[in-house]
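Numbering (the numbering used here), first residue to last: 40 to 390.
I have placed the structure first, in the form of structure tokens, so that the comments after it can refer back to it.
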Ligand code: GGG
């Protein structure tokens, strides 16, 4: 008998608990044998313990096959405290070096670009996830004086660039065969030029993939003007974050976008999360779109060897996008729970 899939649910802050409740409902409807455990970490945990997660959080997480995270961020705490205390600590501590973000417009979801539809928006972003501009290297001196100085160093290593670039090439080979590398190596002459060299060297091992080097600002414009020309994008940590908010807008908004933080071929549990944050303006109202969290569940199933269940979740999400129910951010009137229940029912029917 195969052992159950052990998933840690980490609802976190704001709308996190609402969307993770629906993701859980859908996960349970797949029929996959599960062992689920909720981890009460986040800003409420910080208020009680003075930290976002327990000291042995990484050890605890390593005991699971995967983690499903809702959101982090709370008005009572500085954003850098909540992000570094939980999400970035998990990404770096577990060395989850690739952040995979599909940006596909599901039929039935309105596209903000006039005249464009699902055929135009089908991109995959591979974001470097442990170094670059998010390395956490730097400091501040002479605080509060007119001589104050702040340094935020971007750290790029050849090995760190190489592994994520090769992973992106592999995806491009499986998709439409085009890899776009996004940098700003005309202005930032050290880290991004190393990145460019690594891309050129890796390209020799993927002759079937056409590579293009595009400056990140030009890529933002192209994503809006000609999204159909973009297949797989590989980008540094910060650029990947920014580009995928633009991409999320093209696929119907942040509520729809999903992501997987993974360390391929390492055996380390992946961390799966909707791209959106805690959305304090709508938290507790039951109106948040659970699509990004449910889509992240499909990525979790796919990455843990349950491709059939993942496909059933995606097809149920596609059906809800086409026929409803939908939340108000994508043109409907349904609640978070109504969408979750409808998707879970379709998954169960197909099981
Ligand atoms: N879904 C987790 C979450 O709250 N993400 C918000 C966020 O600010 N993420 C930063 C990042 O992905 O770098």
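The C-beta atom is built at its ideal place from N, Cα and C for all residues, glycine as well.
Since we're looking at a predicted model, the values are computed, not measured.
Looking at C-alpha atoms only, which residue of the options is the closest neighbour of residue i?
{"i": "residue 48", "options": "42, 41, 60 and 343", "result": "60"}
{"i": "residue 250", "options": "271, 257, 260 and 258", "result": "271"}
{"i": "residue 146", "options": "303, 194 and 363", "result": "363"}
{"i": "residue 105", "options": "303, 368 and 315", "result": "303"}
{"i": "residue 75", "options": "320, 107 and 55", "result": "107"}
{"i": "residue 340", "options": "311, 324, 326 and 319", "result": "311"}
{"i": "residue 326", "options": "42, 43, 159 and 53", "result": "53"}
{"i": "residue 262", "options": "385, 119 and 160", "result": "160"}
{"i": "residue 333", "options": "313, 293 and 43", "result": "313"}
{"i": "residue 407", "options": "323, 190, 157 and 43", "result": "No answer is possible for residue 407: it lies beyond the span of the chain, which begins at 40 and ends at 390."}
{"i": "residue 319", "options": "210, 118, 177 and 98", "result": "118"}
{"i": "residue 294", "options": "109, 43, 89 and 88", "result": "109"}
{"i": "residue 322", "options": "42, 55 and 43", "result": "55"}
Give a yes or no on whether the C-beta atoms belonging to residue i and residue j are separated by under 8 angstroms.
{"i": "residue 427", "j": "residue 366", "result": "Within the shown structure, residues of the chain are numbered from 40 to 390, placing residue 427 beyond reach of any answer."}
{"i": "residue 140", "j": "residue 266", "result": "no"}
{"i": "residue 203", "j": "residue 123", "result": "no"}
{"i": "residue 247", "j": "residue 212", "result": "yes"}
{"i": "residue 369", "j": "residue 291", "result": "yes"}
{"i": "residue 142", "j": "residue 296", "result": "yes"}
{"i": "residue 286", "j": "residue 162", "result": "yes"}
{"i": "residue 349", "j": "residue 68", "result": "no"}
{"i": "residue 385", "j": "residue 346", "result": "no"}
{"i": "residue 457", "j": "residue 197", "result": "Absent from the structure is residue 457, since the part of the chain shown begins at 40 and ends at 390."}
{"i": "residue 273", "j": "residue 207", "result": "yes"}
{"i": "residue 375", "j": "residue 57", "result": "yes"}
{"i": "residue 258", "j": "residue 219", "result": "yes"}
{"i": "residue 289", "j": "residue 157", "result": "no"}
When you compare only the Cα positions, how much space is there between residue i and residue j?
{"i": "residue 167", "j": "residue 73", "result": "30 angstroms"}
{"i": "residue 276", "j": "residue 329", "result": "25 angstroms"}
{"i": "residue 63", "j": "residue 245", "result": "39 angstroms"}
{"i": "residue 335", "j": "residue 352", "result": "10 angstroms"}
{"i": "residue 342", "j": "residue 188", "result": "43 angstroms"}
{"i": "residue 234", "j": "residue 195", "result": "8 angstroms"}
{"i": "residue 101", "j": "residue 307", "result": "7 angstroms"}
{"i": "residue 229", "j": "residue 241", "result": "19 angstroms"}
{"i": "residue 71", "j": "residue 45", "result": "11 angstroms"}
{"i": "residue 127", "j": "residue 111", "result": "11 angstroms"}
{"i": "residue 260", "j": "residue 98", "result": "43 angstroms"}
{"i": "residue 324", "j": "residue 113", "result": "16 angstroms"}
{"i": "residue 184", "j": "residue 178", "result": "15 angstroms"}
{"i": "residue 305", "j": "residue 186", "result": "46 angstroms"}
{"i": "residue 299", "j": "residue 225", "result": "30 angstroms"}
{"i": "residue 390", "j": "residue 103", "result": "25 angstroms"}
{"i": "residue 210", "j": "residue 338", "result": "14 angstroms"}
{"i": "residue 344", "j": "residue 252", "result": "33 angstroms"}
Spatial neighbours of residue i within its chain, please: C-beta separation below 8 angstroms, excluding the five flanking residues on both sides.
{"i": "residue 80", "result": "49, 51, 91, 92, 93, 96 and 125"}
{"i": "residue 169", "result": "130, 131, 134, 135, 136, 199 and 276"}
{"i": "residue 227", "result": "193"}
{"i": "residue 216", "result": "247, 248, 249 and 270"}
{"i": "residue 120", "result": "85 and 91"}
{"i": "residue 149", "result": "291, 369 and 370"}
{"i": "residue 65", "result": "333, 336, 352, 355, 379, 382, 383 and 386"}
{"i": "residue 283", "result": "140, 142, 164, 166, 296, 298 and 314"}
{"i": "residue 377", "result": "364"}
{"i": "residue 214", "result": "163, 270 and 271"}
Quick one: residues in its chain with C-beta nearer than 7 angstroms to the C-beta of residue i, no 5 flanking neighbours on either side, listed in chain order?
{"i": "residue 116", "result": "82 and 85"}
{"i": "residue 223", "result": "231, 254 and 255"}
{"i": "residue 301", "result": "135, 137, 139, 309 and 342"}
{"i": "residue 387", "result": "68"}
{"i": "residue 176", "result": "192 and 194"}
{"i": "residue 268", "result": "261"}
{"i": "residue 153", "result": "none"}
Suppose the cutoff is 6 angstroms on Cβ atoms and the five residues either side in sequence are ignored; what does the same chain contact list for residue i look like?
{"i": "residue 278", "result": "221 and 255"}
{"i": "residue 357", "result": "145"}
{"i": "residue 174", "result": "194"}
{"i": "residue 43", "result": "72, 73 and 74"}
{"i": "residue 201", "result": "237"}
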